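Notes for the one structure printed next.
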Amino acid sequence: MVSVWRQLLDGATVAVDTARDLANVDTLKVGITGLSGAGKTVFMVSLISNLLAMVRNQGAVDSLPAFRKALTDDSGQLRLLDVSIESAGPSRVPRFAFEAFRSTLAQPARPDWPVGTDKPARIVLRLTLSARSTLGRLKDTFLGPRVVRLELLDYPGEWLLDLPLLEQSYEEWSAETLRLLNEAPRAALSEAFRTFLAALSPGAPADDRTAEHGFQLYREALRRCRREAELRWLQPGRFLTPGPWGDVPLHHFFPWAGAPGPLPGTLAGQLHERFEAYKRESRESFFEPYFSAFDRQIVLVDVLGALFAGRTAFEDTSRALGRIGASYARHLTGGWLLGRKIRHVAFVATKADYVDDLQRPHLQGMLASMIEAAPGAHGNALGRSFHFVSSIRCTSDANAPAKDGVVTRVVMGTKLGEEHQRAFYPGIVPAGAVPPVFWTKPYFVLPRLRPPVLRPGDAQPVDHINIDSLLVDLIGDAL
Ligand SMILES: Nc1nc2c(ncn2[C@@H]2O[C@H](COP(=O)(O)OP(=O)(O)OP(=O)(O)O)[C@@H](O)[C@H]2O)c(=O)[nH]1
Ligand SMILES: [Mg+2]
0 MVSVWRQLLD
10 GATVAVDTAR
20 DLANVDTLKV
30 GITGLSGAGK
40 TVFMVSLISN
50 LLAMVRNQGA
60 VDSLPAFRKA
70 LTDDSGQLRL
80 LDVSIESAGP
90 SRVPRFAFEA
100 FRSTLAQPAR
110 PDWPVGTDKP
120 ARIVLRLTLS
130 ARSTLGRLKD
140 TFLGPRVVRL
150 ELLDYPGEWL
160 LDLPLLEQSY
170 EEWSAETLRL
180 LNEAPRAALS
190 EAFRTFLAAL
200 SPGAPADDRT
210 AEHGFQLYRE
220 ALRRCRREAE
230 LRWLQPGRFL
240 TPGPWGDVPL
250 HHFFPWAGAP
260 GPLPGTLAGQ
270 LHERFEAYKR
280 ESRESFFEPY
290 FSAFDRQIVL
300 VDVLGALFAG
310 RTAFEDTSRA
320 LGRIGASYAR
330 HLTGGWLLGR
340 KIRHVAFVAT
350 KADYVDDLQR
360 PHLQGMLASM
370 IEAAPGAHGN
380 ALGRSFHFVS
390 SIRCTSDANA
400 PAKDGVVTRV
410 VMGTKLGEEH
420 QRAFYPGIVP
430 AGAVPPVFWT
440 KPYFVLPRLR
450 PPVLRPGDAQ
460 PVDHINIDSL
470 LVDLIGDAL
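Going by numbering that gives the first Met the number 0, 146 is the number at position 147 of the sequence shown; the sequence numbering is gapless.
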């Protein structure tokens with residue numbers, strides 16, 4: 000009898016807890032993306048460490064001052080009561096390996112950067128918050144403080160290059176891709192593929208081996224464009240970053256404009272069919288379940304890396320970002336595939352510690368001009384913002400000794416693999432559109448810098464630039 004009562008009571012407690020949870024728990028899904036090497040993993044490590052430190056390390060440095068200010072109530076109390084990492088549960092998406100990445104950075108003898116990642120990874124932070132107003136705090140005493148589940152998904156930015164592709168037919172995509180492939184520098188890097196195309200007969204019959212061989216040659220051309228010319232407008236996104244799907248026959252297609260039409264039984268028909276299947280698969284396995292569920296999105300961009308890779312690489316990165324920006328502009332206003340509407344997209348220039356304090360704001364202007372130069376990217380400017388950050392600050396600002404009475408601002412940092420600090424001066428960074436004169440001088444070579452040794456322990460703050468103000472703009476209204 001007692002056990003029946005206990006069960007009933009337990010059931011009632013669970014019911015009350017569930018009702019309380021339903022009333023009190025909100026989920027905010029934030030996508031974090033950027034082309035490979037943009038700084039996604041490092042950004043996530045810094046963001047999570049600093050959020051944990053904010054509540055767990057009350058005595059330590061206040062590492063997110065702007066965020067703290069935004070979360071302080073009218074009586075001067077911090078409304079953020081707790082931050083914890085939620086169990087990954089039975090999720091199908093790999094958990095973001097926060098602790099492992101962080102400990103690599105905290106190795107006292109030789110701190111190192113996390114290795115590159117090419118699959119999506121997810122982590123959920125639970126933010127416990129007291130109410131903003133006195134009335135709300137009264138409600139808290141009955142229902143308990145509100146919890147906001149901050150779901151962070153790190154995914155390869157290359158997949159975003161498939162957003163514009165979803166809106167194209169095979170013929171449109173082939174024509175555009177082949178036009179670019181015939182121009183420098185792509186032409187020299189895709190010679191083997193173009194020779195293969197030229198030898199194809201327009202009425203060639205469907206054949207798995209020909210389709211696969213063409214795909215391999217085309218993918219190799221894309222790889223060389225990325226490796227040798229640092230180009231970024233390289234589609235389809237999964238050819239370079241296949242993620243969990245690997246190399247499957249679905250991918251065995253390539254651009255071809257030489258056939259009269261996609262007739263059944265022909266190679267043209269086969270390529271056409273696979274292109275359409277690729278679009279369907281991208282929608283079903285990524286854009287609908289993940290992308291369309293985001294409430295907010297962060298797009299990280301290594302603006303300096305693109306700038307110092309030279310004019311062609313910079314313009315190609317701008318093309319890729321502009322096309323991504325244009326797709327976002329449409330989806331910000333119209334919602335995506337009946338999914339939830341993304342409320343805010345923050346475009347963020349990373350690694351801002353490479354330039355001195357006086358020039359950092361230039362990165363924001365340059366990023367905005369890269370994205371807005373593309374047709375349609377301007378769209379509805381509502382819900383979009385531009386920022387600059389350094390996730391893990393590796394430099395400090397200093398004045399170089401005056402030459403001819405003129406002081407130059409520099410940053411002091413240690414090159415990866417070296418022991419001693421030295422001054423770096425990347426030159427003047429444009430504050431908006433890059434003027435042609437910029438390309439006439441030799442480029443600064445962006446060295447990889449040695450990260451500072453992080454203090455061990457997951458909840459220790461990490462020195463950064465501007466992550467706090469980015470958080471305020473991106474999610475402040477929802478907390
Ligand atoms: N100086 C400096 N370097 C940074 C910063 N953030 C990232 N980096 C550098 O950029 C590299 C790439 O950063 P990741 O976070 O691994 O980039 P990612 O976007 O996750 O890269 P993939 O996983 O390969 O797509 C790091 O190894 C660092 O060398 C920063 O704030 N300052
Ligand atoms: Mg990564």
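Even for Gly, the Cβ is constructed at its ideal location relative to N, Cα and C. Remember, predicted model here, so these are calculated numbers, not experimental data.
As the crow flies, the alpha-carbon of K118 is around 11 Å from that of R94. Here T71 is bridged, per DSSP, to L77. Nearest Cα to L165 within the set V347, W244 and E283: E283. H343 is bridged by DSSP to R295.
With respect to the C-alpha of A205, the residue from H251, A372 and A191 having the closest C-alpha is H251.
Close to ligand 2, as judged by a C-beta nearer than 6 Å to any of its heavy atoms, are the residues K39, T40, G115 and T116, in chain order. Residue environment analysis places R101 among the buried positions, since at least 16 neighbouring C-beta atoms fall within 10 angstroms of its C-beta. In this structure, L188 lies near A220, with their beta-carbon atoms less than 8 Å apart. Note that the C-beta distance between T240 and W158 is below 8 Å. Under the three-state reduction of DSSP output, D61 falls in the coil class, being neither helix nor strand. Under the three-state reduction of DSSP output, G324 falls in the helix class.
Secondary structure note for F100: its alpha helix (DSSP H) is the uninterrupted segment F97 to L104.
For V428, the secondary structure class from DSSP, reduced to helix, strand or coil, is coil. Taking V146 as reference, the option from V347, L128, H271 and L303 with the minimal CA-CA separation is L128. Nearest to S395 by C-alpha distance, out of R359, D315 and R383, is R359. With contact defined as three or more Cβ pairs closer than 8 Å, the stretch 96–111 and the stretch 42–57 are in contact. Beyond the five residues adjoining it in sequence on each side, P455 comes within less than 6 Å, by CB distance, of A105 in the same chain, given in chain order. DSSP places I474 inside the alpha helix (DSSP H), whose first and last residues are I466 to I474.
The beta carbon of V344 sits closer than 6 Å to the beta carbons of Q296, Y327 and R383 from its chain, once the five residues preceding and following it are set aside; these are given in chain order.
By a beta-carbon distance limit of 8 Å, P254 contacts L177. Their separation comes to about 5 Å. A direct Cα-to-Cα measurement between G30 and L152 gives close to 5 Å.
Taking C-beta atoms under 8 Å as the contact rule, D294 and R218 fail to qualify, at a distance of about 34 Å.
Apart from sequence neighbours up to five positions away, the residues of its chain that approach P107 with a beta-carbon distance below 6 Å are V452, ordered along the chain. F214 has its alpha-carbon roughly 11 Å from the corresponding atom of L196. Annotation: the continuous alpha helix (DSSP H) that includes H212 extends over D207 to A228.
In this structure, the alpha-carbon of G143 lies about 8 Å from that of N23.
Judged by DSSP in its simplified three-state form, I84 adopts strand.
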